[in-house]
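Residue numbers (the numbering used here), protein chains in the order written: chain E, 1 to 331; chain D, 1 to 331.
All C-beta atoms in this analysis are idealised placements derived from N, C-alpha and C, irrespective of residue type, glycine included.
All figures in this text were calculated on a predicted structure; none of them were measured in a lab.
2 protein chains.
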Amino acid sequence: MRIAIDAMGGDHAPKEIVIGTEYAARNNSDINYVLYGEESEVRKYLTDDLSNIEIIHTNEKIEADDDPVRAVRRKKEASMVLAASDVKEGKADALFSCGNTGALVAAGLLVVGRFPNVDRPALMSTLPAFSGSRQEFEFLDLGANSDAKPVNILQHAILGTHYAKDIRQIENPTVGLLNIGTEENKGNDLNKKAYNLLRDEPSINFYGNVEARDLLNGLVDIIVTDGFTGNAVLKTMEGTTSTMKKVIADAILSGGLKTKLGGFLVKDAISQLGDSLDYDKVGGAILIGVKAPVLKSHGSSKREVVEYTLEKTKNILLSGVIDHMAEAFSE
Amino acid sequence: MRIAIDAMGGDHAPKEIVIGTEYAARNNSDINYVLYGEESEVRKYLTDDLSNIEIIHTNEKIEADDDPVRAVRRKKEASMVLAASDVKEGKADALFSCGNTGALVAAGLLVVGRFPNVDRPALMSTLPAFSGSRQEFEFLDLGANSDAKPVNILQHAILGTHYAKDIRQIENPTVGLLNIGTEENKGNDLNKKAYNLLRDEPSINFYGNVEARDLLNGLVDIIVTDGFTGNAVLKTMEGTTSTMKKVIADAILSGGLKTKLGGFLVKDAISQLGDSLDYDKVGGAILIGVKAPVLKSHGSSKREVVEYTLEKTKNILLSGVIDHMAEAFSE
């Protein structure tokens, strides 16, 4: 089993990518890790001479501000594109990058390729739920496909269901549709049509509409929405969380001695907050609907996140979920 | 000047509506307040015999779970519909309700009526901004029109600009488009087209795209988006805020003595948080694009909020903003 790693993507590449990869490789001698990037740079950060780490040299890379589709089409020798090509050709089984998200979506779609009957892949993250019996839920599409059709949302619901079954071991996962009301006839034209498709699909367990204010309340295992709304909602969560932390900090700073003392005492409780709602820090995102696992972590990822995401990539490969998705969407 | 008030709409109607109206009437002897509702019920809560309060009796009312358009069409004698009819006929100048939001939007659109060249009205709220030089911004559409066309977003930007000029005294208010990236070509088809219309419109001061994570950062005076996204984003803010308050409370409760003591000391600082992001509590919403001020406060509104929103209604009437909007959208 081989995992192709874009060693040059991310704010701390190649250093943190390489070190995180070595962490993962030490614990998984049966898995091969292939680092794509500037060989001398990559080699600098390898301390052991592990037989399950390989380097594929290239000078080219995709920058954070490159136009995604153009970069993937033109920079054939970029580390991310070479890695994706090797996945396509069966020389590797999965792709991991901390680089340009749009470019990774394009590389997944244009190079690795989608399942024949999946019209558009989706970006999916596992987000935390804070009440009820669920501690997590899958949320998609986070922005791979901003002009969704109803059938895209249906396909994403089926893909998410397979993921929740195989990776999170939920027998009959529930699917909710993000909407602006809970009743059946709520929402815009897209979501009214998506509702009907989801309701009539026998292979999923459809719960109904879920309002945005209940997103974090653990009502269902999977929440589907179009990529524009998903991205806007996710970034609203991040922005609201960071604003609130600032507001609390300001209120404490401008308070009296009593409040300042209190602030000092609850500092740790408050600082955990931001991270729990920052999807990048809770495990990155997976591009779902393509023929192999394509995983993404935040540009700011350090070695621990890289190692964690590579473990997750391994688990996805071992679970057989890609085969199950392929069967569901075979012709 | 006469303000028509739906005395029967809201969780605490008619009691809190009537008492709040009396508060407002005491301070504004030159303005007439007309309460629509069950006369004996309404009279019960009037303590003074003010000459500027009038009651129009009706037995019918719109319930919170009524289908909005059907209720407005069929319940001709409902307090909200009677009040709207009197605005349409020039017997009153503005409409206020704490009742069913969808029904109020329908009453505004179908009874009060829109400006000839405004295709769809929008729900707009003033939200708090937490950094930069701005303390507030206008956010629309919050859900009056969930299937928006690019031209609707343009019209809403022009309406919002008039509001910011006349009500908030901003000379040349900036308009941002909520989008999933800041570059010109970002977003779905709707927002790419809306961007071009906004950029080319001489009567507004277009800033460009604003990402959802920057919503609360005070980058612009007005943020426009379609009603589906606006509603989803607003409810995400509310849900995230309430989740975070719960998470902080839990972290403090489950912490050691030190953390518990700290929690006690910062309690006030934290409890202010929720309210500052709950748009209903910071002034309700206005239905913009119709021929008269139509204002809405939350169903849970108490007398202070009713009084506050009636003051706001008066200021809108006195500002001349409705005339300016009418001119901008005259044929």
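- The three-state secondary structure of residue 238(D), taken from DSSP, is helix.
- Cβ contact annotation for residue 118(D) (same chain, cutoff 6 Å, sequence separation greater than five): 155, 289, 329, in chain order.
- The continuous stretches of alpha helix (DSSP H) do not include residue 218(E), and DSSP gives it neither H nor E.
- Residue environment: residue 188(D) is assigned as buried (16 or more neighbouring CB atoms within 10 Å of its CB, all protein chains considered).
- In terms of CA proximity to residue 245(D), 268(D) leads the group 71(D), 67(D), 268(D).
- Neighbours of residue 213(D) in chain E, taken as residues at a C-beta separation under 8 Å, are given in chain order as 235, 236, 238, 239, 242.
- Residues of chain E with a Cβ closer than 7 Å to the Cβ of residue 146(D) are, in chain order, 180, 187, 188.
- Between residue 101(D) and residue 53(D), the gap from beta carbon to beta carbon reaches 8 Å or more.
- Rounded to whole angstroms, residue 186(E) and residue 149(D) show a C-alpha spacing of 18 Å.
- Around the CB of residue 6(E), 16 or more other CB atoms lie within 10 Å, so the residue is classed as buried.
- Chain D places a beta carbon closer than 8 Å to that of residue 229(E), counting this residue as a contact.
- Counting only runs of 3+ residues, the beta strand (DSSP E) found wholly inside the segment 155-240 of chain E occupies 174-179, 205-211, 222-224, in chain order.
- Chain D has a Cβ within less than 8 Å of the Cβ of residue 259(E).
- Taking 8 Å as the CB threshold, residue 177(D) stays off the interface with chain E.
- The alpha carbon of residue 175(E) has as its nearest neighbour, out of 204(E), 181(E), 165(E), 192(E), the alpha carbon of 204(E).
- By the C-beta criterion, the segment 133-141 of chain E is judged not to be in contact with the segment 98-116 of chain E, since fewer than 3 inter-stretch pairs fall below 8 Å.
- Judged by DSSP secondary structure, residue 322(E) falls within the alpha helix (DSSP H) whose first and last residues are 321-328.
- Residue 139(D) sits in a strand when the DSSP states are folded into three classes.
- At a C-beta separation below 8 Å, residue 263(D) has these neighbours in chain E: 262, 265, 266, 269.
- The continuous stretches of alpha helix (DSSP H) do not include residue 293(E), and DSSP gives it neither H nor E.
- Under a 10 Å Cβ-count criterion, residue 199(D) is classified as exposed, with fewer than 16 other Cβ atoms of the shown protein chains found around its own Cβ.
- Interface criterion not met: the Cβ of residue 210(E) is under 8 Å from no Cβ in chain D.
- DSSP places residue 37(E) in the uninterrupted beta strand (DSSP E) bounded by 32-37.
- Taken through DSSP and simplified to helix, strand or coil, residue 67(D) comes out as coil.
- With a threshold of 8 Å between beta carbons, residue 13(D) makes no contact with chain E.
- Within a 10 Å sphere around the beta-carbon of residue 306(D) sit 16 or more other beta-carbons, which makes this residue buried.
- Your pair residue 240(E) and residue 216(D) checks out as a contact, with CB atoms roughly 7 Å apart and the cut at 8 Å.
- Remark: three or more beta-carbon pairs, one from each stretch, lie closer than 8 Å, so the segment 206-220 of chain E and the segment 163-178 of chain E are flagged as touching.
- By the Cβ neighbour-count rule, residue 72(E) is buried, with 16 or more other Cβ atoms within 10 Å of its own.
- DSSP places residue 26(E) inside the alpha helix (DSSP H), whose first and last residues are 15-27.
- A distance below 6 Å between beta-carbons, with the five flanking residues on each side excluded, links residue 95(E) to the following residues of its chain, in chain order: 4, 83, 84, 87, 294.
- Contact between residue 121(E) and residue 287(E) holds, with the beta-carbon distance rounding to 5 Å and staying under 8 Å.
- About 18 Å separates the beta carbon of residue 42(D) from that of residue 31(D), a gap too long to meet the 8 Å contact definition.
- The alpha-carbon separation between residue 221(D) and residue 153(D) amounts to approximately 15 Å.
- With a threshold of 8 Å between beta carbons, residue 289(E) makes no contact with chain D.
- Residue 7(D) sits in coil when the DSSP states are folded into three classes, being neither helix nor strand.
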